[in-house]
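For reference, the structure is listed below as structure tokens.
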């Protein structure tokens, strides 16, 4: 894929993830579970700010994407824990897998992975 298309798909992925996180945070606020809701909403809002205002923040697209991967991973883990506590069977596993894959995707998108890849 071309670089522009890849960046647009990555931005769409981050926006979709932030939307899911904010929906769950608002659901938790509605149920009076303020601590996990605050953690999830702060991490999601920070990722949304980075996605939206990356140029004003002086961040390049790659660095903004990597930062969002690392911010969204603990929020996804918190959602998985909340869903497990609610008694769901399948959804916590999906969010846990996503929480594990997001840092891996952030590392692969970084320059460190390319340096390691060039060594071998």
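Residue numbers (this note's numbering): 41 to 160.
Think of the CB as a built atom: it goes at the ideal place given N, C-alpha and C, for glycine as much as any other residue.
Option in 117, 145, 146, 142 with minimal Cα separation from residue 132: The option with the nearest alpha carbon to residue 132 is 117.
Close Cβ partners of residue 101 (< 6 Å) along its chain, the five nearest in sequence each way excluded: In the same chain as residue 101, and ignoring 5 residues on each side of it, the C-beta atoms closer than 6 Å to its own belong to 47, in chain order.
Cβ pair residue 74, residue 83 closer than 9 Å: Not in contact: residue 74 and residue 83 (Cβ atoms no closer than 9 Å).
Reference residue 80, options 89, 94, 111, closest by Cα: The shortest C-alpha to C-alpha distance from residue 80 to any of 89, 94, 111 is the one to 111.
Secondary structure, beta strand (DSSP E): runs of 3+ residues fully inside the segment 106-142: For the segment 106-142, not a single whole beta strand (DSSP E) run of length 3 or above is found.
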